[in-house]
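Step one of this worksheet: look at the structure below.
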Amino acid sequence: MATIVKRKGSVPREVGAKMLVHRGGRISGTVGGGCGEAEVWRSALNVIDTRRPNTVQVDLTEEIAMESQGVCGGIFDVFIQPWHDAPSPGQTGMQETARAIHQALEG
Numbered sequence: 101m102a103t104i105v106k107r108k109g110s111v112p113r114e115v116g117a118k119m120l121v122h123r124g125g126r127i128s129g130t131v132g133g134g135c136g137e138a139e140v141w142r143s144a145l146n147v148i149d150t151r152r153p154n155t156v157q158v159d160l161t162e163e164i165a166m167e168s169q170g171v172c173g174g175i176f177d178v179f180i181q182p183w184h185d186a187p188s189p190g191q192t193g194m195q196e197t198a199r200a201i202h203q204a205l206e207g
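In my numbering, the protein residues as written are 101 to 207.
Rendered as structure tokens:
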């Protein structure tokens, strides 16, 4: 589960926006699309493999990002935490929240 936790400047999504990344790479939701979202997606797959949370800073002000169409020009931080089909003790609340978000995003 990837969640935007901080933003500075013009970015495509608000704090609290979520993207659920499944083990096979499929996603539900979005943290903004484009190169920034691809970076979060790659990091989320690593979090799935290692089961270690991570925070990624997406910088849309970098020269390469500015060459892409539709870039906003800000910076945002995304906290990525593991999401499992079978929750361990203490994760039940997080699991229920993730499922509710997934269902809401899938319609």
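Ideal Cβ positions, reconstructed from N, Cα and C, are used throughout, including at glycine. From a predicted model like this one, the values you see are computed outputs, not experimental measurements.
In the displayed model, T197 falls within a helix according to three-state DSSP. R107 has F176 as its beta-bridge partners, per DSSP. Boundaries cannot be given for L160, as no alpha helix (DSSP H) includes it and DSSP labels it neither H nor E. In the displayed model, G132 falls within coil according to three-state DSSP, outside both helix and strand. Of the candidates G125, G124, E139, E139 places its Cα closest to the Cα of V131. Check the Cα spacing between S128 and each of W141, C135, G136: the tightest is with W141.
Within its own chain, the residues whose Cβ lies closer than 6 angstroms to the Cβ of D159, once the five positions on either side in sequence are excluded, are I175, listed in chain order.
Between V178 and I104, the C-beta gap is smaller than 8 angstroms, which places the two residues in contact. According to the DSSP assignment, M119 belongs to the beta strand (DSSP E) that extends over 118 to 121.
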